[in-house]
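The listed protein sequences derive, respectively, from chains R and G.
The opening position of the first sequence corresponds to residue 1359 in this note's numbering, with each subsequent residue numbered one higher.
The opening position of the second sequence corresponds to residue 1359 in this note's numbering, with each subsequent residue numbered one higher.
Backbone N, C-alpha and C define an ideal beta-carbon position, used for all residues, glycine too.
Number of protein chains: 2
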Amino acid sequence: MRVIAEIFSQGEEVVSGQTVDSNAAWLSQNLNELGFVVKRHTAVGDCLEDLVALILEIAVRADCCLCTGGLGPTIDDLTAEAASRASGQDLLFDPTALQGIEAYFAKRQRSMPALNRKQAYFPTQAVRIDNPVGTAPGFAMQIQRCWFVFLPGVPSEMKAMFSAVREQLLGRFSVQPDCLVSLRSVGIGESAIQQRLESLVLPNTVQLGFRAAVDEVQTKLLFPAAFAVDERMYWTNQVAGLIGDAVFAIDTPEQTQGDLPTVIGREMTKRGLSLSVIETASQGLIAAKCIGQDWLRFVQFSANIAITAERWGCAYFADDLAQSAAELARHLQQHQGLDWQLVQLYHGSITDPDQPIVLYNALQTRDGLFQSSMNVAGRLQTKQNQAAMLALDLLRRTLKMTCL
Amino acid sequence: MRVIAEIFSQGEEVVSGQTVDSNAAWLSQNLNELGFVVKRHTAVGDCLEDLVALILEIAVRADCCLCTGGLGPTIDDLTAEAASRASGQDLLFDPTALQGIEAYFAKRQRSMPALNRKQAYFPTQAVRIDNPVGTAPGFAMQIQRCWFVFLPGVPSEMKAMFSAVREQLLGRFSVQPDCLVSLRSVGIGESAIQQRLESLVLPNTVQLGFRAAVDEVQTKLLFPAAFAVDERMYWTNQVAGLIGDAVFAIDTPEQTQGDLPTVIGREMTKRGLSLSVIETASQGLIAAKCIGQDWLRFVQFSANIAITAERWGCAYFADDLAQSAAELARHLQQHQGLDWQLVQLYHGSITDPDQPIVLYNALQTRDGLFQSSMNVAGRLQTKQNQAAMLALDLLRRTLKMTCL
């Protein structure tokens, strides 16, 4: 059975173009993976008549609709009222919802503004969806043919609530999720991966796709629900082999391995290793990406790394940054006394989008020195992010190589 | 006169969520700036019936619609056919369009694949829009109430064609752009701002809105085009005064001030100041946010700041972090010799989402010591980001206070 779904985003910031609507794409991908057929995305502004009209349109043509935005405390947040009008159900005060909102503020040692009370009103027949990370609870309800799920527009809140929504949807619709395998890689582009896979002839029921995110490229294999598990593993391994050691994680429906810092963190913790880092081009982003990881003990950024080298009595050659990075890593060990030391240096202008930079990473371990070097081009933030990812990737590869 | 516009994006990659639709936001912003009222965005996949149905819907409710996608040479590119069916106008071969496409290939020393001939067919009454950077020409035509403009989905092509579209639209519609003023603030929530503004009675032609982003809250005032400039400034100042010193920038159509690091950077550079930083809770994110800014010279993150204090012979009181931050800032000045020193310390568990942390910031300047303290709750990344923003905000406030 094809279950028709739609996505509906509310907000002046979306319809005016102030915000690019990434929620719609995220929800679509998730619905597709569950087995829903997403037919349409619509965005409208904070105007009650427009909202009611849209809900009533969708109510007759879709089986399920995920909506984001308009659940905040302010006057321009109109979703509950629009759902109430479209369904003919009054708004009812939900004391449990209010307790949740009050608890949210209490935990932050702040008193709840009176305005937020508004967020505890839902149409009579609506099912509340709790928000573990914000003030706005969501709700779900049937309007004519369609099951509407209303979620906050703040992406982190919407995503945090989606696991509960997923369970609810799977209980309500008999969809057969296709089986998605995602091969996550770093340090290689989407089209280079596609070229490596050109020789491969996949079964024609298996769908191949790519998604380039900021930190990684995901190569996606979508297998039909009925596809045999060992066959699925066979094809996954074929693809992983062709992409090569740029693959840092393979996510399956059974197991998610996480992003690069998570994958590294698991191994560092298992082996009881600690790390100190010198960042230059990534300027704090290696540290920032590893937030919450105990093994990262010390990070330094310096706009003029030669000064640090001089203070440490460490040889520094401006024309041999590979050598300089190795020297700095050795001295960093002496200064911080940690297990491993990672040093990043670079040549070139990071601010000039027309100039690439050349990165030099050195990782001093107890088993020896490991190094990598790479060109990175693009905007300032692209270079910064790539610099952080490539340094972390040297750490990952070294962990893999030195694994007993 | 309000001219109602819509945006319509075609493509499986959009509706399946593989691609985030940034075209819609870009076109919306441009239409808004021209004075159109954008009421709705819609995305559908590559399905002829869906396309025809959508065109006919929009044809009766909007005055103008900008459409992207579906103009390519392949079988799933159905836009011209859908426009033909929706308008009842046959597809007509346009020899000039074909010459353009052939010239595109000739310039690249390639022969035109036969498939591309398809891109030279348009509905009888359509006006062709040449594509200076790709193979797909666009076209525009009236269908019932609405003037439809069909453009390629490749963002660079769509944008390259938009200047011609803009001229066409301004010739066809008498629009007057509204004037958006955005008051950007940090360290205060959306609902708290609204409460501060409760006493204010704005002229009823002025529209008030809010947008909470990760790093800031924007309070938005939309003035009609005819609103007098001094009146607009008066109301902007009223709102800014009520929100108070949390406002770090006011963006107007005449001038955009930028985000918090940009605002700070301008002032640091103007005054020729350099800064060193010790980060704890934000773990590199202060540094990362200031990428490309010359005045940030040195940043250190340490998982155990007491060790750094001990090495520096600096007094450290685990039960008085405000005092400890001040001491560390003083020692940091001795060690790095820069103009200003910012030290961030915190109490509590950053990883436990149920526990708030208490942040202590100390900023040592040549004019004295400035400090701030605040509770932050939420997920790990929320705490990390807030910690970075609040430290930067102390820097901004201090710059303002010490301004001559």
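Flagged as an interface residue toward chain G: F1656(R), by a C-beta distance shorter than 7 Å. In the displayed model, V1418(R) falls within a helix according to three-state DSSP. Taking the Cα of Q1722(R) as reference, the smallest distance to any Cα among N1733(R), T1740(R), I1649(R), H1689(R) is reached at H1689(R). Boundaries of the alpha helix (DSSP H) around T1740(R): 1738 to 1759. Look at I1622(G) here: in three-state DSSP terms it is helix.
Beta-bridge analysis with DSSP links R1530(G) to no other residue. In the three-state scheme derived from DSSP, where H, G and I count as helix and E and B as strand, T1610(R) is classed as coil.
Against chain G, a Cβ distance below 9 Å from G1430(R) picks out E1548, S1549, F1568, A1570. With at least 16 other beta carbons inside 10 angstroms of its own, K1741(R) counts as buried. Here L1456(R) carries a helix assignment [DSSP, helix/strand/coil]. Contact annotation: in the stretch 1377 to 1390 of chain R, residues whose CB is within less than 9 Å of a CB in chain G are T1377, V1378, D1379, S1380, A1382, A1383, W1384, L1385, S1386, Q1387, N1388, L1389, N1390.
Taking C-beta separations shorter than 8 Å and ignoring five residues to either side along the sequence, the partners of T1437(G) in its chain run Q1368, L1409, C1425, G1427, G1428, L1429, F1508, following chain order.
Chain order gives no chain G residues near A1604(R), where near means a beta carbon separation below 9 Å; the closest approach is about 21 Å.
DSSP places V1485(R) in the uninterrupted beta strand (DSSP E) bounded by 1485 to 1487. Around the beta carbon of A1472(R), fewer than 16 other beta carbons sit within 10 angstroms, so the residue counts as exposed. In this model, A1586(G) and L1527(G) are separated by some 26 Å (Cα to Cα).
For the stretch 1453 to 1467 of chain R, residues whose beta-carbon sits nearer than 7 Å to a beta-carbon of chain G comprise K1465, R1466, Q1467. Taking a Cβ-Cβ threshold of 7 Å, the residues of chain R close to A1645(G) are Q1641, G1642, F1659, in chain order.
Distances from the alpha-carbon of A1604(R) to those of F1506(R), K1476(R), G1545(R) put G1545(R) closest.
Between the alpha carbons of I1433(R) and A1639(G) lies a distance of about 35 Å. In the structure shown, Y1479(R) adopts extended strand secondary structure according to DSSP, grouped into three states.
With respect to the C-alpha of T1614(R), the residue from W1505(R), Y1592(R), L1541(R) having the closest C-alpha is L1541(R). Inclusion of P1431(G) and N1474(G) in the CB contact set at 7 Å is warranted, their separation being smaller than that value. The three-state secondary structure of L1654(G), taken from DSSP, is strand. Runs of the alpha helix (DSSP H) spanning 4 or more residues and lying entirely within the stretch 1665 to 1715 of chain R occur at 1679 to 1694, in chain order.
Spanning the alpha carbons of D1617(R) and M1519(R) requires a straight line of approximately 20 Å. Two segments are said to touch when three or more pairs of C-beta atoms, one from each, lie closer than 8 Å; by this definition the stretch 1648 to 1656 of chain G does not touch the stretch 1674 to 1682 of chain G. Assigned with DSSP and collapsed to three states, V1512(G) falls in coil, not helix or strand. With the criterion set as a beta carbon lying under 9 Å from some beta carbon of chain G, the members of the stretch 1695 to 1723 of chain R are I1708, T1709, in sequence order.
Secondary-structure assignment with DSSP links K1628(R) through no beta bridge to anything. Of the candidates E1668(R), N1662(R), H1693(R), the residue whose Cα lies closest to the Cα of S1660(G) is H1693(R).
The beta carbon of D1725(R) is closer than 7 Å to those of T1760 in its chain, skipping five residues each way along the sequence.
Per DSSP, S1640(R) lies in no beta strand (DSSP E) segment and is marked neither H nor E. Counting only residues of its own chain and dropping the five nearest sequence neighbours on each side, T1594(G) has a CB closer than 8 Å to the CB of V1539, L1541, L1579, I1608, T1610. W1384(G) and V1523(G) have their C-alpha atoms spaced approximately 14 Å apart. At least one beta carbon of chain G lies nearer than 7 Å to the beta carbon of R1398(R).
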